[in-house]
Amino acid sequence: MSFVSAKAPEPVGPYPHAKKVGDFIFVSGIGPRQFGKKEIPGVTLDAEGRSKSHDIILQTKATIENIKMILEEMGSSLDDVVDVTCFLTNLNADFKDFNEVYGSYFAKIGPTRTTVEITKLPTPISVELKVIAYLKK
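Pasting the structure below:
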């Protein structure tokens, strides 16, 4: 079952926010953009709409809150997350602060995690997370 949230930022391509398969929820890559808003939390844009500077703390919080909202709309929660894939555009500068925010949400939950640096994301953001949650019976 594919799911498109009425509260999360619109997908930037032809894909749902999440898909439920059996007892698992696969959440598409989600960033810090906010539903119905042009401004992105923690991003300062130049005249051409490119990221001039960013606040990884604000972006990471907004990203995880977006994922939390999607999971809750599907009857799940962050507590059900079993795996997280993290994409950062500047691992050297952002990893420490990203890791602190990430840990404040996920340290006690303990999902597995992969973190990679990429050169660019589809919108002018610096972090994106993709999660898999398991729905307990």
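The C-terminal residue of the sequence shown carries number 258 in the working numbering, and the numbering is unbroken. Just so you know, even glycine gets a beta-carbon here, dropped at the ideal spot from N, CA and C.
- Per DSSP, the continuous alpha helix (DSSP H) segment holding residue 215 begins and ends at 212-227.
- Ranked by Cα distance from residue 198, the first of 146, 158, 135 and 206 is 146.
- The Cβ neighbour count for residue 136, taken over all protein chains shown within 10 Å, is under 16; the residue is labelled exposed.
- Annotated as proximal: residue 174 and residue 165, with beta-carbon spacing under 7 angstroms.
- With respect to the C-alpha of residue 148, the residue from 192, 239 and 225 having the closest C-alpha is 192.
- For residue 178, the enclosing alpha helix (DSSP H) has its first and last residue at 177-194.
- Sorting 209, 223 and 239 by C-alpha distance to the C-alpha of residue 248 places 209 at the top.
- Residue 166 is bridged by DSSP to 172.
- Excluding its 5 nearest sequence neighbours in each direction, residue 141 has C-beta neighbours in its own chain below 6 angstroms: 122, listed in chain order.
- Under the 10 Å beta carbon count, residue 184 is surrounded by 16 or more other beta carbons and is classified as buried.
- Beta bridge pairing from DSSP links residue 248 with 209.
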